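Input: a single structure, listed below in structure tokens.
Chains as they are written, first to last, in our numbering: chain A, 1 to 255; chain B, 256 to 510; chain C, 511 to 765.
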């Protein structure tokens, strides 16, 4: 837990333009000196904790146990939603109890949950990231588990289905559309259906013709819809939330 | 001054896209090894040192004394404006003497001012951030006050009014419009007037109807114009520089 | 090589929006703890290793020997192109062997080249930055040269002309257009021709009239086309790849 190998990883919908990320980092650097702070994503889909929860789980797996994730997609800030800490297979997650952390918790082999029941001296109504989540995340990363500010709970209040989500959950700046379907379920003969299009598999971009849309398993282990040297999401009219279907090929009579 | 607890905080109009921030960080990391470098804002309003000065002061207050702010909104780079260092209640500011640092200086209980009168061996005409301000800021953050490169001054050459600025000074990527009016002056019964709209107070976003514009005191302590799950600046037609007015409610006859 | 003074500097076309940079940094921070990681550019021109190679060389010169550059402009990822390490006058470059590193190599007084012939246990087909280049770059920066994963080579497979490139190679967010022509070749009497426009020299922005386009030698040592308080690229219709010509003034009869 924490210690020399810890990292603080930020996963938010704050965007890059504004001073919010920097204000959070000011708190983290002060409270956990020497711990690396890494920006993983500040473009988590706005107001969409479900897509965010799928993305967060997929992306977190390439970080080592001991990593502390600072997680904010929090349209209900200042309202009645609770704040929580999750430990899932050794990785730590700090954020709102609105489902965002629930998929990482549900898919872990072992997980623990705490409610944050601490009120900092200065708590802005709209910036719990800086005032509440950052001090807790920093304390964990610095190896000082803040037991006096947490209460163990059996489970989160808001829990999303831990299964795959057959929707578009993220569109990157190249126009590649990530689905919430883990690639382990699909073999190369599968066809992906989205918005009336049927897409076949290619291993890498260079195996597709220029502009051809296709699907493949991306570096986060998810089925992704892409096009070679083209913006797949624009070409196919895709948006976060769109439904995706997998079609298995017909079984051959010979089997 | 400086020492183990120092941080280097960047406040510029360089944007994120370009190599300018990275080149500055290369100098800072070399000259102040081990000091955390934090990006606070790279979207300070272009060519607008006055709005920048208000923003810088408001945002700086959540950082501890000892923090060193690297500050660049500098349309006059390479011209006759001087370069300066300000120490204001223990926080350090390094940048152009064009007013950008003047509000932080004026509002501090105690402040000191120096002119940078050093010319580095290699000084580009257009990138004083990398060549001039970064080495000075790094030296201060590393605890090596560069006395031989500075001359104490009574005050800055360019000084903006230290009072509140009743204008829009920043619009964030959510569309929330920050004013230069500190929230301590306003109570919840005040109405904010902007561009022909009258806005009432809400404590948090969730207290407003979907799309309803309102005002509240933001996490930097400033009056901000926002809308619940909507882009207030687009909806109300707001831009940086727009004038804002506060209307007090009529005094009740009963008092 | 590596050691306490090393830095890891990122030069990619990943953009800022997506989780790719953060995933790379997770690997770098784990494998080279304590080494500063600096984002130099994530907006290298897409699919354009030639422009990228010119930019990379120009920008790298302001970093000290020992710096390790993580370099990705890699449309052929997963295909037959090789991966390589270049050491050029003490600076290290890790990336694809598609020409991106070739100008830095060719212009150095002394350079060495290695092929990366290691296949990591988990190598995604599309994210060699995270899986292949990052571990190699981190090992070099940490002072552990990975000799067992590299094979010395006489030269790179793909090599661009090491001379200046008389084209636009980058457009910054202010609208300033960088050329691939080093400024040492031009004196102030030269005229720059681009898209039918003839531009004269100004030392700094403030020496031009408002909106006037001009050329000057920028902070990376390259000829740049700019305009005072205006977006030169939009005003002149410039794009990356556009051809630029320098016209010497007529020789005076008196000489």
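Beta carbons are placed, not taken as given, at the ideal position from N, Cα and C, and that holds for glycine.
Bear in mind that the values here come from a model prediction, so they are computed numbers and not experimental data.
Interface flag, residue i vs chain C, CB-CB below 9 Å
i, result
"residue 204 (chain A)", "yes"
"residue 275 (chain B)", "yes"
"residue 256 (chain A)", "The requested residue 256 (chain A) is not part of the displayed model; chain A covers only 1 to 255."
"residue 197 (chain B)", "Because residue 197 (chain B) is not part of the residues shown, which for chain B are 256 to 510, the question remains open."
"residue 191 (chain A)", "no"
"residue 1 (chain A)", "Annotation note: pLDDT 39 at residue 1 (chain A) (below 50); position unreliable, coordinate value reported separately. Residue 1 (chain A) does not count as touching chain C."
"residue 255 (chain A)", "Here residue 255 (chain A) scores only 48 on pLDDT, less than 50, and its place in the model should not be relied on; the value that follows carries that caveat. Judged by the 9 Å Cβ criterion, residue 255 (chain A) is not in contact with chain C."
Neighbouring residues, chain B, relative to residue i (Cβ below 8 Å)
i, result
"residue 130 (chain A)", "317, 474"
Proximity test, Cβ basis, 9 Å: residue i and chain A
i, result
"residue 293 (chain B)", "yes"
"residue 536 (chain C)", "yes"
"residue 522 (chain C)", "no"
Beta-carbon neighbours of residue i, restricted to chain C and to distances below 9 Å
i, result
"residue 209 (chain A)", "Near residue 209 (chain A) there are no residues of chain C at all, since even the closest Cβ is about 14 Å away, more than 9 Å."
"residue 172 (chain A)", "525, 527, 528, 529, 530"
"residue 302 (chain B)", "739"
Beta-bridge partners of residue i, as assigned by DSSP
i, result
"residue 465 (chain B)", "B:483"
"residue 603 (chain C)", "C:579, C:596"
"residue 622 (chain C)", "C:597"
"residue 266 (chain B)", "B:296, B:326"
"residue 223 (chain A)", "A:217"
"residue 54 (chain A)", "DSSP lists no partner for residue 54 (chain A)."
"residue 688 (chain C)", "C:680, C:734"
"residue 663 (chain C)", "C:623"
"residue 197 (chain A)", "A:194"
Proximity winner among the options, relative to residue i (alpha-carbon distances)
i, options, result
"residue 517 (chain C)", "C:587, C:594, C:578, C:733", "C:578"
"residue 693 (chain C)", "C:520, C:605, C:728", "C:728"
"residue 680 (chain C)", "C:605, C:519, C:736", "C:736"
"residue 620 (chain C)", "C:598, C:609, C:640, C:741", "C:598"
"residue 368 (chain B)", "B:379, B:356, B:376, B:378", "B:356"
"residue 429 (chain B)", "A:25, A:27, A:41, A:46", "A:46"
"residue 500 (chain B)", "B:422, B:389, B:269, B:335", "B:422"
"residue 73 (chain A)", "A:117, A:28, A:126", "A:126"
"residue 698 (chain C)", "C:707, C:686, C:682, C:724", "C:724"
"residue 9 (chain A)", "A:165, A:118, A:39, A:238", "A:39"
"residue 615 (chain C)", "C:603, C:626, C:625", "C:603"
"residue 350 (chain B)", "B:409, B:387, B:483", "B:387"
"residue 43 (chain A)", "A:81, A:80, A:177, A:15", "A:15"
"residue 412 (chain B)", "B:435, B:340, B:274, B:490", "B:340"
"residue 210 (chain A)", "A:222, A:231, A:198, A:223", "A:231"
"residue 489 (chain B)", "B:459, B:432, B:504, B:463", "B:432"
"residue 249 (chain A)", "A:198, A:206, A:239", "A:198"
"residue 77 (chain A)", "A:241, A:152, A:228, A:129", "A:129"
Closer than 7 Å at the beta carbon, the chain C residues around residue i
i, result
"residue 16 (chain A)", "526"
Chain B contact for residue i (CB, 9 Å cutoff)
i, result
"residue 739 (chain C)", "yes"
"residue 97 (chain A)", "no"
"residue 770 (chain C)", "Not covered by the structure: residue 770 (chain C). The range shown for chain C is 511 to 765."
"residue 262 (chain A)", "Residue 262 (chain A) falls outside the range modelled here, since chain A spans only 1 to 255, and no answer is possible."
"residue 577 (chain C)", "yes"
"residue 33 (chain A)", "yes"
Amino acids of chain C, ordered along the chain, whose beta-carbon sits closer than 8 Å to that of residue i
i, result
"residue 381 (chain B)", "714, 715, 726, 728, 729"
Chain-ordered neighbours of residue i on chain A, where CB pairs are closer than 9 Å
i, result
"residue 587 (chain C)", "204, 205, 206"
"residue 314 (chain B)", "19, 22, 23"
Neighbouring residues, chain A, relative to residue i (Cβ below 8 Å)
i, result
"residue 298 (chain B)", "17, 18"
Quiz item: Below 8 Å, can you find three or more Cβ-Cβ pairs linking the stretch 184-196 of chain A to the stretch 554-573 of chain C?
Solution: no
Exercise. Would you check if the stretch 298-306 of chain B and the stretch 554-565 of chain C touch, i.e. whether three or more CB-CB distances between them fall below 8 Å?
Key: no
Quiz item: Any chance the stretch 646-665 of chain C sits against the stretch 528-543 of chain C, with 3 or more Cβ pairs inside 8 Å?
Solution: yes
Quiz item: Is it a yes or a no for the stretch 718-728 of chain C touching the stretch 663-672 of chain C, going by three-plus beta-carbon pairs under 8 Å?
Solution: no
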